[in-house]
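Trainee: Taking the working numbering, the leading residue of the sequence shown gets 922, the next gets one more, and so forth.
Cβ atoms here follow ideal geometry from the backbone N, Cα and C, with glycine treated the same way.
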Amino acid sequence: MSFRSFSLEQLLSTAALGLLTGYLVARATTSGKKTGKKNVRKENTQDKTKKSATKDAEAAGSSKENAGVGKSSKAIDEDSEEYLGSDEDEDDFTTEDESEGEDNDGLKAFDHKEEYKMVLVIRTDLGMGKGKAAAQCCHACLANYRELAAKQPGTLKRWEYYSGQAKVTLKIDSEEDMLKLQQHARQVGLAAHSIRDAGRTQIAAGSRTVLAVGPGPISVINQVTGHLKLY
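1. Under DSSP, the alpha helix (DSSP H) around H1105 begins and ends at which residues?
2. Can you tell me whether DSSP reads R1121 as helix, strand or coil?
3. In whole angstroms, what separates the C-alpha of R1044 from that of N1025?
4. Between the Cα of L1111 and those of A1056, G1048 and L1069, spot the shortest distance and give me the residue it belongs to.
5. Going along the chain, which residues of its own chain have a beta-carbon closer than 7 Å to the beta-carbon of T1146, five neighbours each way excluded?
6. Along the chain, where does the alpha helix (DSSP H) containing R1067 start, and where does it finish?
7. Got a sec, what are the start and stop residues for the beta strand (DSSP E) T1130 sits in?
8. According to DSSP, simplified to helix, strand and coil, what is Y1152?
9. Quick test of your reading: Q1073 and L1132, contact by CB under 8 Å. State the CB separation rounded to the nearest angstrom.
10. What is the residue span of the beta strand (DSSP E) that Y873 lies within?
11. Am I right that Y1037 and R1079 are in contact with their C-beta atoms under 8 Å? What's the rounded C-beta distance?
12. Pick out whichever of E1096, A1054, L945 and D1032 has its Cα sitting closest to the Cα of Q1123.
13. Could you tell me which residues DSSP puts in a beta bridge with V1141?
14. Report the option in T1130, G1137, C1059 and I1142 whose CA atom is closest to the CA atom of G1075.
15. On the three-state DSSP scale, how would you describe K1078?
16. When DSSP labels each residue in this structure, what does L945 get in the three-state scheme?
17. Report the CB separation of S1140 from H1033 in whole angstroms; it is logged as a contact under 8 Å.
18. Have a look at V1109 and Q1144 and give me their C-alpha separation to the nearest angstrom.
19. Name, in chain order, the residues that DSSP records as bridge partners for T1090.
20. In chain order, what residues of the same chain lie with their CB nearer than 7 Å to the CB of A1106, ignoring the 5 residues before and after it?
21. Straight-line CA distance for D1094 to D1046?
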């Protein structure tokens, strides 16, 4: 086997080239590792920043939400206070007006195949305003409704579902005549309640203002109130 001879200069050049190559490779590897670490740190920092920003945004949203809830609650409270009104409006909201309280044991279970109605007989001699009269009619209507719901719900069903809850307002000019009508209505088996006012506005306490008759079959109602004129 023959060996090629190298000069000293060639050996040194080859060694120098090898060292330089090794140095460059080592540096590139180190630089890559450092860059990788920097990128990881940068990504971690960005993640932390994003998480922090998200938490701040959520906290801000929560604060706004809570503030909105607080504001809504306050608004509801204010609206409720406004709805309760002043003492001047108390007469329109009170339920202290009383109907004639004696039990009507003579209520009949009408089963007439005809229209049903309720009549509200309003006293004209008291000089009530329209709003006052309307409020008293509501009291009278509810008094009859409560009694029939407890004792003769079938009558209410016919009135509500087959007659459109028909109501007619009539007028009368004295308490004496009103009481006679009430007695007559009960004798024929109809619900009949007269309302006595609490006396806070317009009229004297205890005055009977409105008589509700029915609901019941129109033919039966007309036996009691058919002679009265419309209010």
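Mentor: Taking the definition as stated:
1. Residue 1105 sits at position 184 when you count from the first residue of the sequence shown. E1096 to Q1108 is the extent of the alpha helix (DSSP H) around H1105.
2. For the purposes of this step, residue 1121 is identified with residue 200 of the sequence shown, where counting begins at 1. DSSP places R1121 in coil when its eight states are reduced to three.
3. Position 123 of the sequence shown holds residue 1044. Position 104 of the sequence shown holds residue 1025. Cα to Cα, R1044 sits roughly 22 Å from N1025.
4. Translated into positions along the sequence shown, residue 1111 becomes position 190. Closest by C-alpha distance to L1111, out of A1056, G1048 and L1069, is L1069.
5. The count along the sequence shown starts at 1 and reaches residue 1146 at position 225. Cβ neighbours of T1146 beyond the five flanking positions: V1040, V1042, L1091, L1102 and V1134.
6. Here the question's residue 1067 lines up with position 146 in the sequence shown. K1051 to K1072 is the span of the alpha helix (DSSP H), which, as asked, contains R1067.
7. On the sequence shown, residue 1130 is found 209 positions in, with the first residue counted as 1. That run of the beta strand (DSSP E) goes R1129 to P1138.
8. Walking along the sequence shown from the start, residue 1152 turns up at place 231. Residue state, collapsed to three classes: coil.
9. Walking along the sequence shown from the start, residue 1073 turns up at place 152. Walking along the sequence shown from the start, residue 1132 turns up at place 211. Not quite, the Cβ-Cβ distance comes to about 19 Å (not below 8 Å), so this is no contact.
10. There is simply no residue 873 to check, as the chain begins at 922 and stops at 1152 in what is shown.
11. Residue numbering aside, residue 1037 sits at position 116 when the sequence shown is read from its first letter. Residue numbering aside, residue 1079 sits at position 158 when the sequence shown is read from its first letter. 5 Å between Cβ atoms; contact.
12. Sequence index remark: in the sequence shown, residue 1123 carries index 202 (1-based). When each option's Cα is compared against that of Q1123, the closest is A1054.
13. As a first step, residue 1141 is located in the sequence shown; it is residue number 220 there, counting from the start. Answer is none; V1141 lacks a bridge partner.
14. Position 154 of the sequence shown, counting from 1, holds the residue named residue 1075. The shortest C-alpha separation from G1075 is found at G1137.
15. Walking along the sequence shown from the start, residue 1078 turns up at place 157. Three-state result, K1078: helix.
16. Within the sequence shown, the letter at position 24 stands for residue 945. Correct three-state label for L945: helix.
17. Against the sequence shown, residue 1140 aligns to sequence position 219. Against the sequence shown, residue 1033 aligns to sequence position 112. Between H1033 and S1140 the Cβ distance is about 7 Å, and since that is below 8 Å, they are a contact.
18. Within the sequence shown, residue 1109 is the residue found at index 188, counting from 1. Within the sequence shown, residue 1144 is the residue found at index 223, counting from 1. Cα to Cα, V1109 sits roughly 9 Å from Q1144.
19. As a first step, residue 1090 is located in the sequence shown; it is residue number 169 there, counting from the start. Per DSSP, L1041.
20. Position 185 of the sequence shown holds residue 1106. Hits under 7 Å: A1113, V1134 and V1145.
21. What you label residue 1094 is simply residue 173 of the sequence shown in a count that begins at 1. What you label residue 1046 is simply residue 125 of the sequence shown in a count that begins at 1. Between D1094 and D1046, the C-alpha separation is close to 5 Å.
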